[in-house]
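Report on the structure given below.
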Amino acid sequence: MRFSLFFATLTLLTATARSGEVRVGAAAVPITPAAGIPMAGYYSERGAQGIHDDLYARAVVIEAGGRSAAMVALDLISTPRDLVEQTRKEIEKSTQIRGADVLISATHSHTGPVIDRESPFGGQSDRVVAYLDTLPSKIAEAVRLAESKKAPAIVRAAVGHEDSIAFNRRFHMTDGSVGWNPGKLNPRILKTAGTIDPEVPVVDFATPDGLPIAIAVNYAVHLDNIGAPEISADMPATLARQLADFRGRDVVTLYSTGCCGDVNHIDVRWREPQRGFANASRMGTILAAEVLRTWPRLEPVRADAVRVRSTMVNLPLATIDQADIERSQEILRQMQSPKPPRPKFLDQVDALKVRDVVARKGHPIPVEVQVIAVGDELAWVSLPGEIFVELGLAIKQDSPFRRTIIAELANGAIGYIPSRRAYAQGNYEVISARCGEGSGERLVDAAVRLLKELHAEATAAR
Ligand SMILES: [Zn+2]
Numbered sequence: 145m146r147f148s149l150f151f152a153t154l155t156l157l158t159a160t161a162r163s164g165e166v167r168v169g170a171a172a173v174p175i176t177p178a179a180g181i182p183m184a185g186y187y188s189e190r191g192a193q194g195i196h197d198d199l200y201a202r203a204v205v206i207e208a209g210g211r212s213a214a215m216v217a218l219d220l221i222s223t224p225r226d227l228v229e230q231t232r233k234e235i236e237k238s239t240q241i242r243g244a245d246v247l248i249s250a251t252h253s254h255t256g257p258v259i260d261r262e263s264p265f266g267g268q269s270d271r272v273v274a275y276l277d278t279l280p281s282k283i284a285e286a287v288r289l290a291e292s293k294k295a296p297a298i299v300r301a302a303v304g305h306e307d308s309i310a311f312n313r314r315f316h317m318t319d320g321s322v323g324w325n326p327g328k329l330n331p332r333i334l335k336t337a338g339t340i341d342p343e344v345p346v347v348d349f350a351t352p353d354g355l356p357i358a359i360a361v362n363y364a365v366h367l368d369n370i371g372a373p374e375i376s377a378d379m380p381a382t383l384a385r386q387l388a389d390f391r392g393r394d395v396v397t398l399y400s401t402g403c404c405g406d407v408n409h410i411d412v413r414w415r416e417p418q419r420g421f422a423n424a425s426r427m428g429t430i431l432a433a434e435v436l437r438t439w440p441r442l443e444p445v446r447a448d449a450v451r452v453r454s455t456m457v458n459l460p461l462a463t464i465d466q467a468d469i470e471r472s473q474e475i476l477r478q479m480q481s482p483k484p485p486r487p488k489f490l491d492q493v494d495a496l497k498v499r500d501v502v503a504r505k506g507h508p509i510p511v512e513v514q515v516i517a518v519g520d521e522l523a524w525v526s527l528p529g530e531i532f533v534e535l536g537l538a539i540k541q542d543s544p545f546r547r548t549i550i551a552e553l554a555n556g557a558i559g560y561i562p563s564r565r566a567y568a569q570g571n572y573e574v575i576s577a578r579c580g581e582g583s584g585e586r587l588v589d590a591a592v593r594l595l596k597e598l599h600a601e602a603t604a605a606r
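Residues in the sequence shown are numbered from 145 upward in steps of one, following our numbering.
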């Protein structure tokens, strides 16, 4: 009896990190669907005609101060809440990590499968249903593998700057409106109506001997290069390949998307089309180059504890009236009919929004905001949709952490979350938004509150 207790204690001691030590593991598991699956990302149904490059669930597990957190990046369009909840349950079954301590984000590849069961563009198809049935266990497997590979680690961080591949896509136009993706060399453009976030946060996880474990990279640009009917991870595929050339093929590149609800890759001053695998490769190469330029400036991060805190925020619904509902029903009928006329794009966007808002029967939209802090210098924030860039910048500015990284499309996905300013200007993202004015600012407040709480805790513990 005493003997077995001794061994039990010994096992416990070896399984837990020594105080002040951080242990990190990483893994990537392919989640590529079979060809033929309906693809996400556009307002039409299209089946994947082939596989250009594999999609992955990439996971990093960090353990320090007796607590583990996992961060997962999926080469998918978004992270619907039911997917997040199922995956967290699977992770709890197969690892020591609490589901609430897992951050699941999407890169927003527009050339992956439909993953929204409600999507009118193939969400109910057998292929999508079968894909979604096995997805949570595949993602959990990436986390389980990452946990099993945990080893003592050094965490280093730096921030690069890249402003040549991201552009605000909203513009003041000569007719007084705010345009959305107005097209290259459009003579009616006066100037941009928003900004970008050029920061390229880089976090390197390596063994004390310098062997690579993982590299976390974050950047705020909407991923929609490819357009082709082939499965692809888009730009992060090139980023991961380039960083593997530098650090070795086993390194896991965890790419998360910053707040880019109104930022994409289209340079309206550049005449040439920017589409396809070529542009994805160009962007990935430029981003990788900035990571490598930043590399000599990596500084050690005191990673003595992992802290995680989440909160649920109720977001108000977008305002709609009876006339909106009647119009949307007619548009939805036209969308489902094979006969012309095809409704206008923004009318389709509006009709789908109204359908979703009606389905909520007046109930606000509950969403999660989560912060994972490593020590008192470094923190990740999760936000649940496509967030306007200025909201992300506000969080970074008000965060007491020296380095704050924001992963949008994480732990849920409710579509666009414009800034209050943009609601008055209208156009695509505002028409599409299921949540009402002020929602984005509520998320900012919640994130900043959590960051301050965790930072105070980290400071008090030192
Ligand atoms: Zn998109």
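Glycine included, every Cβ here is placed at the ideal spot set by N, Cα and C.
As the structure is a computational prediction, the values presented were derived from the model and not from experiment.
Pick out whichever of Gly338, Asp198, Arg242, Arg202 has its Cα sitting closest to the Cα of Ser212. It is Arg242.
May I ask you to list the residues that DSSP assigns as paired with Trp324? The partner list for Trp324 (beta bridge, DSSP) reads Arg314.
Considering Cα atoms alone, identify which of Gln514, Ile309, Asp389 is closest to Arg593. Closest option to Arg593, Cα to Cα, is Gln514.
Could you tell me the distance, in whole angstroms, from the CA atom of Ala381 to the CA atom of Gly536? Each residue's Cα considered, the two are about 24 Å apart.
For the alpha helix (DSSP H) containing Ile430, name the first residue and the last one. Looking at the DSSP string, the run of the alpha helix (DSSP H) that includes Ile430 is 420-438.
Tell me, to the nearest whole angstrom, how far the beta carbon of Ala337 is from that of Val361; I am working on the premise that it is less than 8 Å. Actually they are not in contact, since the Cβ atoms of Ala337 and Val361 sit about 28 Å apart, beyond 8 Å.
Buried or exposed: which applies to Phe421, given that a residue is buried once 16 or more other Cβ atoms fall within 10 Å of its Cβ? Counting C-beta atoms within 10 angstroms of its own C-beta, Phe421 has 16 or more neighbours from the protein chains shown and is therefore classed as buried.
In its own chain, which residues sit with a C-beta less than 8 Å from the C-beta of Asn423, not counting the 5 before and 5 after it? So the qualifying residues of the chain are Asn369, His409.
Which one of Val457, Val344, Arg288, Gln541 has the shortest CA to CA distance from Lys233? Among Val457, Val344, Arg288, Gln541, the Cα nearest to that of Lys233 is on Arg288.
For Gly584, name the three-state secondary structure that DSSP assigns. Residue state, collapsed to three classes: helix.
Sequence-distant residues of the same chain with beta carbon closer than 7 Å to Gly304, five excluded per side: For Gly304, the CB contacts under 7 Å within the same chain, skipping 5 residues up- and downstream, are Val344, Val346, Glu434, Val435, Arg437, Thr438 in chain order.
Hey, quick one: how far does the alpha helix (DSSP H) through Thr278 stretch, first residue to last? Run containing Thr278: 270-292, per the alpha helix (DSSP H) assignment.
For a test of the three-state rule: what should DSSP assign to Ala214, helix, strand or coil? Here Ala214 sits in strand by DSSP.
Check whether the Cβ atoms of Ala557 and Thr251 lie closer than 7 Å to each other. Against a cut-off of 7 Å, the Cβ pair of Thr251 and Ala557 comes out as no contact.
With 16 other Cβ atoms within 10 Å as the buried cut-off, status of Ala301: Under this definition Ala301 is a buried residue.
Return helix, strand or coil for Gln193, following the three-state DSSP convention. Of the three classes helix, strand and coil, the one that applies to Gln193 here is coil, per DSSP.
Measuring alpha carbon to alpha carbon, tell me which residue in Ala568, Arg564, Thr603, Pro326 is nearest Gly584. If you compare the alpha carbons of Ala568, Arg564, Thr603, Pro326 with that of Gly584, the shortest gap goes to Arg564.
For Tyr187, count neighbouring Cβ atoms within 10 angstroms of its own Cβ and tell me buried if that reaches 16, exposed if not. Tyr187 should be labelled exposed.
Cutoff 8 Å; reference Val273; Cβ partners in own chain excluding five residues on either side: Only residues of its own chain outside the window of five on either side were considered, and among them Arg261 have a CB closer than 8 Å to the CB of Val273, listed in chain order.
Candidates Leu355, Phe265, Thr239: which alpha carbon is nearest Pro296's? Per the Cα distances, Leu355.
Taking the alpha-carbon positions, what's the Val502 to Leu459 distance? One C-alpha to the other measures close to 15 Å.
What do you reckon, are the CB atoms on Ile561 and Gly582 nearer than 7 Å? Result no, Cβ atoms of Ile561 and Gly582 do not sit closer than 7 Å.
Pick out whichever of Ala290, Pro440, Phe311 has its Cα sitting closest to the Cα of Trp414. Scanning Ala290, Pro440, Phe311 for the CA closest to the CA of Trp414 turns up Phe311.
Cα-Cα separation, Lys540 to Glu416: C-alpha separation (whole angstroms): 34 Å.
Could you give the DSSP three-state label for Phe532: helix, strand or coil? In the three-state DSSP reduction, Phe532 falls in the coil class, being neither helix nor strand.
How many whole angstroms separate the CB atoms of Glu512 and Ser454, which I take to be in contact at a CB cut-off of 8 Å? Yes, Glu512 and Ser454 are in contact; Cβ-Cβ is about 6 Å, under 8 Å.
C-alpha gap between Asp406 and Ile333, whole angstroms: So the alpha carbons of these two residues sit roughly 16 Å apart.
In whole angstroms, give me the CA-to-CA distance for Arg393 and Asp378. Rounded to the nearest whole angstrom, the C-alpha separation of Arg393 and Asp378 is 19 Å.
Which residue marks the beginning of the beta strand (DSSP E) containing Ile464, and which one marks its end? DSSP places Ile464 outside any beta strand (DSSP E), giving it a letter other than H or E.
Determine the burial state of Arg441: buried for a count of at least 16 other Cβ atoms within 10 Å of its Cβ, exposed for fewer. The residue is exposed, with fewer than 16 neighbouring Cβ atoms inside 10 Å.
Between which two residues does the beta strand (DSSP E) holding Phe349 run? Note, Phe349: beta strand (DSSP E), 343-350.
By how many angstroms is the C-alpha of Val228 removed from the C-alpha of His599? Using only the alpha carbons, I get a separation of about 26 Å.
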